[in-house]
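Chemist: Below is one structure. I have some questions about it.
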DNA sequence: TCTCGACTACACTGACCTGTGAAGTGTTAC
DNA sequence: GTAACACTTCACAGGTCAGTGTAGTCGAGA
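Residue numbers (this note's numbering), protein chains in the order written: chain A, 74 to 258; chain B, 74 to 258.
Pasting the structure below:
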């Protein structure tokens, strides 16, 4: 999906503003103005604000998956591979929290095109944990993968909402212990 | 703080709507209409929408603390006391997720009167974990309390956003194992 | 009887919201 | 040379947003 130059600027600006201020709090006029583009162009490229929101979430999801995938594939030891998402957590965790959790909070309509992206992101991570745990020879993979997901999401919330940066380290250490115990059988 | 009959209805309606649809998505006209009250009354009682939002969060915080406190005090064993917040998690976890995390997503201004309530809620829970862990004779209480907070918040997110209801059980079991290991020494 | 507090009725402001219509400019590709 | 494409300009529709001003009703307590 190749974007026109204007569309790329719109998406960059919208991503920053949606994440920083919230989806409902940012109007299309602001996005168009900050992108140096007219509102007409915005609607010609994206069709509606809802679709722009979905495009924002898809782009962020894609960037994040690339980052996690790269971190996973940089490791060979199955145990370290399962822990890779925790290794990149610190680069990812910003003070406004998880963009997908935040989007979930604002998108109350289950039919919104962005909702599928949000749940897809979490499901992808859970499945990745499950796959790497299986490769590491763990038993009870389903619960273990959920456990890692809980630690991952909990770390982000405790970091951003509760203002506890140490939560990232605590979650990472807990995940490591969990995986090592599971793989040792 | 005794509320007038009108104010009570406004707060009830606002709580439902803010939680279900989101804060920015609900206008004061809707709240007034659904409360069977004029907008004038709403402004006479609460002053502004921001203050109404803060009142909503304070009321929800208060109800939740009462519930958790009751669950903690119903137990005598220090280990079970530390785990009490996980016992009431299932009653609390709804499909729209944690109201405070959702509010954090929408309130980008750190000076918003609701922000203090949100961070206060998380800090209160963390401190409760720390106090009960200390009473249970645990070492390294700070990290353990954070670990429990991570499990707690992660369970809520994994449940609501990721659509994994089993996350509640997984987090509860993990917390139990953690507390029992910590108190055993 | 008088006052006070809770509340109603309702018009109104000014800003902002998403979204559209129509006409026109500049660039590139065939 | 012409057609497709990206984009501009700008006016405008039809709502909704938070918030205010003014005048008045009704019941309870002093």
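Ideal placement from N, C-alpha and C gives every residue a C-beta, glycine not left out.
Since the model is a prediction, treat every value here as computed from it, not as a measurement.
Given a limit of 7 Å on CB to CB distance, which residues of the stretch 192-214 of chain B reach chain A?
Modeler: Result list: 192, 195, 196 and 199.
Chemist: Please return the same chain residues whose Cβ sits closer than 7 Å to the Cβ of residue 185(B), not counting the five positions on each side in sequence.
Modeler: Reading the second chain from its first residue, position 112 is the one you call residue 185(B). Only 123 meet the Cβ criterion.
Chemist: Quick one: grab the DSSP three-state call for residue 96(A).
Modeler: Position 23 of the first chain, counting from 1, holds the residue named residue 96(A). It is coil, neither helix nor strand.
Chemist: What do you get for residue 163(B), buried or exposed, if any count of 16 or more other CB atoms within 10 angstroms of its CB means buried?
Modeler: Walking along the second chain from the start, residue 163(B) turns up at place 90. It counts as exposed.
Chemist: To the nearest angstrom, how far is the alpha carbon of residue 255(B) from that of residue 133(B)?
Modeler: Counted from its first residue, the second chain places residue 255(B) at position 182. Counted from its first residue, the second chain places residue 133(B) at position 60. Rounded to whole angstroms, residue 255(B) to residue 133(B) spans 32 Å at the Cα level.
Chemist: Can you name, in chain order, every residue of its own chain whose Cβ lies under 7 Å from the Cβ of residue 247(A), other than the five neighbours on each side?
Modeler: Here residue 247(A) is taken as the residue at index 174 of the first chain, counted from 1. Taken in chain order, the residues that qualify are 224.
Chemist: Which word fits residue 170(A), buried or exposed, when buried means at least 16 other C-beta atoms lie within 10 angstroms of its C-beta?
Modeler: Residue 170(A) sits at position 97 when you count from the first residue of the first chain. Per the 10 Å Cβ criterion, buried.
Chemist: Quick one: list the residues of chain B neighbouring residue 94(A), beta-carbon separation under 7 Å, in chain order.
Modeler: Indexing the first chain from 1 puts residue 94(A) at position 21. Within 7 Å Cβ-Cβ: 181.
Chemist: Buried or exposed for residue 88(A), going by 16 or more other Cβ atoms inside 10 Å?
Modeler: Within the first chain, the letter at position 15 stands for residue 88(A). Label assigned to residue 88(A): buried.
Chemist: Can you pull the chain A residues whose beta carbon is under 8 Å from the beta carbon of residue 226(B), in chain order?
Modeler: Here residue 226(B) corresponds to residue number 153 of the second chain, with the count starting at 1. Within chain A, the residues near residue 226(B) are 226, 227, 230, 231, 234 and 235.
Chemist: Assuming residue 151(A) is part of the alpha helix (DSSP H), what are its boundary residues?
Modeler: Counting from 1 along the first chain, the entry for residue 151(A) is found at position 78. Unbroken alpha helix (DSSP H) run through residue 151(A): 151-160.
Chemist: Rounded to the nearest angstrom, what separates residue 215(B) and residue 114(B) at their Cα positions?
Modeler: In the second chain, the residue the question calls residue 215(B) occupies position 142. In the second chain, the residue the question calls residue 114(B) occupies position 41. For residue 215(B) and residue 114(B), the distance between alpha carbons rounds to 46 Å.
Chemist: Just checking my contact of residue 118(B) with residue 80(B) at CB under 8 Å: how many whole Å lie between their CB atoms?
Modeler: Position 45 of the second chain, counted from the first residue, corresponds to residue 118(B). Position 7 of the second chain, counted from the first residue, corresponds to residue 80(B). That pair is a contact at about 4 Å.
Chemist: Can you give the Cα-Cα distance for residue 235(A) and residue 227(B), rounded to whole angstroms?
Modeler: Taking the first residue of the first chain as 1, we reach residue 235(A) at position 162. Taking the first residue of the second chain as 1, we reach residue 227(B) at position 154. Approximately 12 Å, taken between the alpha carbons.
Chemist: Determine whether the Cβ of residue 102(A) lies closer than 7 Å to any Cβ atom of chain B.
Modeler: The count along the first chain starts at 1 and reaches residue 102(A) at position 29. No, residue 102(A) does not count as interfacial toward chain B.
Chemist: Rank 145(B), 156(B) and 101(B) by C-alpha distance to the C-alpha of residue 244(B) and give the top, closest one.
Modeler: Within the second chain, numbered from 1, the residue matching residue 244(B) stands at position 171. Among 145(B), 156(B) and 101(B), the Cα nearest to that of residue 244(B) is on 156(B).
Chemist: Taking Cβ-Cβ distances shorter than 7 Å, what residues in chain B pair up with residue 220(A)?
Modeler: The residue you call residue 220(A) lines up with position 147 of the first chain. Result: 243 and 247.
Chemist: For the alpha helix (DSSP H) that contains residue 180(A), what are its first and last residues?
Modeler: Numbered from its first residue, the first chain carries residue 180(A) at position 107. Careful: residue 180(A) lies outside any alpha helix (DSSP H) and carries neither H nor E.
Chemist: Cα-Cα, which of 173(B), 211(B) and 238(B) is closest to residue 233(A)?
Modeler: As a working note, residue 233(A) is residue 160 in the first chain. Nearest of 173(B), 211(B) and 238(B) to residue 233(A), Cα basis: 173(B).
Chemist: Determine whether the beta carbon atoms of residue 209(A) and residue 191(A) lie at a separation below 7 Å.
Modeler: Sequence index remark: in the first chain, residue 209(A) carries index 136 (1-based). Sequence index remark: in the first chain, residue 191(A) carries index 118 (1-based). Result no, Cβ atoms of residue 209(A) and residue 191(A) do not sit closer than 7 Å.
Chemist: Indicate whether residue 121(B) and residue 82(B) have their beta-carbon atoms separated by less than 7 Å.
Modeler: Position 48 of the second chain, counted from the first residue, corresponds to residue 121(B). Position 9 of the second chain, counted from the first residue, corresponds to residue 82(B). Not closer than 7 Å, so no.
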